Amino acid sequence: MSSAKTDIATPMANLKVNGKTVDMPVRSGTVGPDVIDVGRLYKETGCFNYDPGFTSTANCSSRITYIDGDAGMLLHRGYPIDQLAEQSNFLEVCYLLLHGELPNAAEYEEFMLGITRHTMLHEQMTRFYTGFRRDAHPMAVMCGVVGALSAFYHDSTDINDPEQRTIAARRLIAKMPTIAAMAYKYSVGQPFIYPRNDLDFSANFLQMCFAVPCGPYTVDPVISRALDRIFILHADHEQNASTSTVRLAGSSGANPFACIAAGIACLWGPAHGGANEAALNMLNEIGTVDRIPEYIKKAKDKTSGFRLMGFGHRVYKNYDPRAKVMQKTCHEVLDALGTRDEPLLQVAMELERIALEDDYFVEKKLYPNIDFYSGITLRAIGFPVEMFTVLFAVARTVGWVAQWKEMIEDPEQRIGRPRQLYIGAPVRNYVPFSNRG
Ligand code: SDX
Numbered sequence: 001m002s003s004a005k006t007d008i009a010t011p012m013a014n015l016k017v018n019g020k021t022v023d024m025p026v027r028s029g030t031v032g033p034d035v036i037d038v039g040r041l042y043k044e045t046g047c048f049n050y051d052p053g054f055t056s057t058a059n060c061s062s063r064i065t066y067i068d069g070d071a072g073m074l075l076h077r078g079y080p081i082d083q084l085a086e087q088s089n090f091l092e093v094c095y096l097l098l099h100g101e102l103p104n105a106a107e108y109e110e111f112m113l114g115i116t117r118h119t120m121l122h123e124q125m126t127r128f129y130t131g132f133r134r135d136a137h138p139m140a141v142m143c144g145v146v147g148a149l150s151a152f153y154h155d156s157t158d159i160n161d162p163e164q165r166t167i168a169a170r171r172l173i174a175k176m177p178t179i180a181a182m183a184y185k186y187s188v189g190q191p192f193i194y195p196r197n198d199l200d201f202s203a204n205f206l207q208m209c210f211a212v213p214c215g216p217y218t219v220d221p222v223i224s225r226a227l228d229r230i231f232i233l234h235a236d237h238e239q240n241a242s243t244s245t246v247r248l249a250g251s252s253g254a255n256p257f258a259c260i261a262a263g264i265a266c267l268w269g270p271a272h273g274g275a276n277e278a279a280l281n282m283l284n285e286i287g288t289v290d291r292i293p294e295y296i297k298k299a300k301d302k303t304s305g306f307r308l309m310g311f312g313h314r315v316y317k318n319y320d321p322r323a324k325v326m327q328k329t330c331h332e333v334l335d336a337l338g339t340r341d342e343p344l345l346q347v348a349m350e351l352e353r354i355a356l357e358d359d360y361f362v363e364k365k366l367y368p369n370i371d372f373y374s375g376i377t378l379r380a381i382g383f384p385v386e387m388f389t390v391l392f393a394v395a396r397t398v399g400w401v402a403q404w405k406e407m408i409e410d411p412e413q414r415i416g417r418p419r420q421l422y423i424g425a426p427v428r429n430y431v432p433f434s435n436r437g
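Those letters in the sequence shown? Residues 1 to 437, per this note's numbering, in order.
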């Protein structure tokens with residue numbers, strides 16, 4: 001394939017296959033790799049392009065998030081993640097992701113009130129929780145309860161109505177913390193704590209998780225700010241697996257609540273959002289610094305099936321910029337809680353040091369990702385390991401919703417329907433039971 005410029009407006013890529021030549025337009029974005037529009041490939045050559053895992057495939061155009069994996073850069077609507085994490089707050093980042101610009105005071109106030117006033121759940125939804133075992137994984141609860149939202153909020157499921165799309169978006173962002181906190185409370189046998197309108201997003205989540213009816217609960221501002229920053233770091237990340245799941249589900253016209261439930265299910269996987277839980281379990285299994293070499297060796301042995309959880313990334317071939325902020329936040333939280341000498345932190349820091357010096361990880365460009373330090377931080381705050389991916393889902397809901405809205409409003413969007421390379425049996429006739437061997 002070669003890329004020839006036939007005119008300034010539309011450079012073309014030329015492909016010769018099966019004796020045919022097809023010219024395909026090369027499109028450029030604001031920044032980042034160009035794309036070759038292969039939409040006519042099958043029609044003109046009878047071939048599909050083949051890219052399991054989508055390592056070289058762009059499935060949409062988007063204005064929301066840009067990642068430069070080699071530079072270790074992450075932009076939300078053009079703003080670098082480290083600046084947003086240090087100077088913004090989660091609800092302002094939600095507004096930015098949804099609307100494309102930072103809000104002025106009036107816009108922020110209206111948006112913040114719109115979220116705050118939708119944090120309560122329909123009271124009957126509390127009954128869903130009693131249908132689960134107390135020891136059910138909270139991600140299983142999230143899949144079930146979020147999917148059921150469409151049974152209660154059917155007045156915001158018409159995806160073709162912009163007003164209903166906005167209402168559904170705000171309901172999802174606002175109610176996810178409440179649903180998540182209720183999943184935690186149910187798992188520990190404590191009563192649900194209602195949201196409070198006098199607290200900001202992250203402080204409200206902390207009180208719904210850790211307050212009890214017997215007495216007052218005081219939100220630690222250092223912990224609340226750290227959690228808000230953790231939510232910012234997890235808000236959106238381009239076309240990752242769960243976001244692509246939400247887009248594909250949404251492309252069929254499914255209601256937004258069902259699409260987000262699909263995203264939650266995908267995020268649960270240990271290769272994706274479940275890695276924060278898996279990373280902490282790995283650090284616990286390693287236990288002490290002297291056992292690190294044994295695990296580094298296992299990670300390099302393909303036959304072991306073991307990977308360093310919290311390391312590596314499909315896009316980042318440099319340090320995940322979120323991981324740097326996450327590491328800093330981890331130290332701040334442990335300092336605030338007086339647990340800086342947390343043994344797992346020592347194991348994590350030594351594991352990171354050794355891995356970053358090891359040729360295997362250097363050659364494969366495997367760096368810590370956002371999940372490496374988040375588990376230590378969340379456990380220090382008081383969340384059980386099973387809740388780590390739930391918190392990821394709470395934060396990522398705004399990214400899923402923003403990407404879902406962008407997909408619905410994209411004139412190019414059609415139902416997603418990939419094809420395949422068929423390697424099964426050729427056509428053959430049915431064999432009656434009596435004639436089989
Ligand atoms: C998230 O996509 C996103 O943006 C996701 C995310 C988001 O915000 O939405 O950033 C969140 O999911 C972060 C990633 C969390 N997952 C983990 O930490 C799990 C451990 N990491 C991996 O399993 C892996 O690195 C992936 C899944 C993250 C990326 O997989 P890829 O891009 O398909 O890479 P690969 O599996 O082809 O690995 C490339 C090579 C392989 O060796 P070779 O076959 O080339 O010899 O690197 C090796 C792998 O064996 N490798 C690892 C490794 N990760 C990759 N070896 C040891 N330990 C690891 N963690």
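Heads up, the beta-carbon is just placed ideally off N, CA and C, and yes, glycines get one too.
Everything numeric in this text was worked out from a predicted model, so none of it was measured.
Does ligand 1 have a heavy atom nearer than 8 Å to the CB of residue i?
{"i": "ARG396", "result": "yes"}
{"i": "MET309", "result": "yes"}
{"i": "GLU123", "result": "no"}
{"i": "ALA393", "result": "no"}
{"i": "PHE372", "result": "yes"}
{"i": "ASP51", "result": "no"}
{"i": "VAL315", "result": "yes"}
{"i": "ASN450", "result": "With the chain running from 1 to 437 in the structure shown, residue 450 is simply not present."}
{"i": "GLY464", "result": "The structure shown does not extend to residue 464, since the chain spans only 1 to 437, so no value can be given for it."}
{"i": "HIS237", "result": "yes"}
{"i": "LYS185", "result": "no"}
{"i": "ASN281", "result": "no"}
{"i": "ASP68", "result": "no"}
Reducing DSSP to helix, strand and coil, say where residue i ends up.
{"i": "PRO432", "result": "coil"}
{"i": "ASN197", "result": "coil"}
{"i": "ALA13", "result": "strand"}
{"i": "ASP34", "result": "coil"}
{"i": "TYR66", "result": "strand"}
{"i": "ASP23", "result": "strand"}
{"i": "HIS76", "result": "strand"}
{"i": "PRO368", "result": "strand"}
{"i": "PHE111", "result": "helix"}
{"i": "PHE192", "result": "coil"}
Closest to residue i by C-alpha separation, out of the options, would be which residue?
{"i": "ASN160", "options": "GLY416, ASN435, LYS405 and LEU421", "result": "LYS405"}
{"i": "TYR95", "options": "ASP82, ALA85 and MET112", "result": "MET112"}
{"i": "PRO25", "options": "GLY19, VAL31, GLY39 and LYS16", "result": "GLY39"}
{"i": "ARG379", "options": "HIS137, PRO221, LEU227 and ALA140", "result": "LEU227"}
{"i": "TYR66", "options": "ILE408, SER434 and VAL315", "result": "VAL315"}
{"i": "ASN318", "options": "ARG414, GLU350 and LEU74", "result": "LEU74"}
{"i": "GLY69", "options": "TYR422, LYS328 and VAL31", "result": "VAL31"}
{"i": "GLY310", "options": "ALA278, GLN327 and LEU334", "result": "ALA278"}
{"i": "PRO411", "options": "SER374, MET208, SER61 and ILE230", "result": "SER61"}
{"i": "GLU86", "options": "ARG117, GLY274, PRO270 and ARG322", "result": "ARG322"}
Output needed for residue i: all residues of its chain with C-beta closer than 6 Å, excluding positions within five of it in sequence on either side, in chain order.
{"i": "PRO177", "result": "PHE205 and VAL394"}
{"i": "VAL398", "result": "CYS94, LEU97, ILE173 and ALA235"}
Are the beta-carbon atoms belonging to residue i and residue j less than 9 Å from one another?
{"i": "VAL390", "j": "ALA249", "result": "no"}
{"i": "SER242", "j": "GLY263", "result": "yes"}
{"i": "PHE152", "j": "VAL141", "result": "no"}
{"i": "PHE90", "j": "PHE210", "result": "no"}
{"i": "THR329", "j": "TYR367", "result": "no"}
{"i": "ARG170", "j": "GLN403", "result": "no"}
{"i": "GLY72", "j": "ASP320", "result": "yes"}
{"i": "HIS313", "j": "ASN369", "result": "yes"}
Leaving out five residues on either side along the sequence, give the residues of the same chain with a beta carbon under 8 Å from the beta carbon of residue i.
{"i": "THR119", "result": "ALA174, LYS175, PRO177, THR178, PRO195, ASN197 and ASN204"}
{"i": "VAL347", "result": "LEU283, ILE286, GLY287, THR288, VAL289 and ILE292"}
For residue i, which residues of its own chain have a beta-carbon under 7 Å away from its beta-carbon, when the five flanking residues on both sides are left out?
{"i": "GLY424", "result": "none"}
{"i": "GLY437", "result": "none"}
{"i": "SER88", "result": "ILE232"}
{"i": "ILE296", "result": "ILE354, ALA355 and ASP358"}
{"i": "ARG225", "result": "none"}
Examine chain B for any beta-carbon lying closer than 9 Å to the beta-carbon of residue i, and answer yes or no.
{"i": "TYR79", "result": "Included in the structure is just one protein chain, with no chain B present."}
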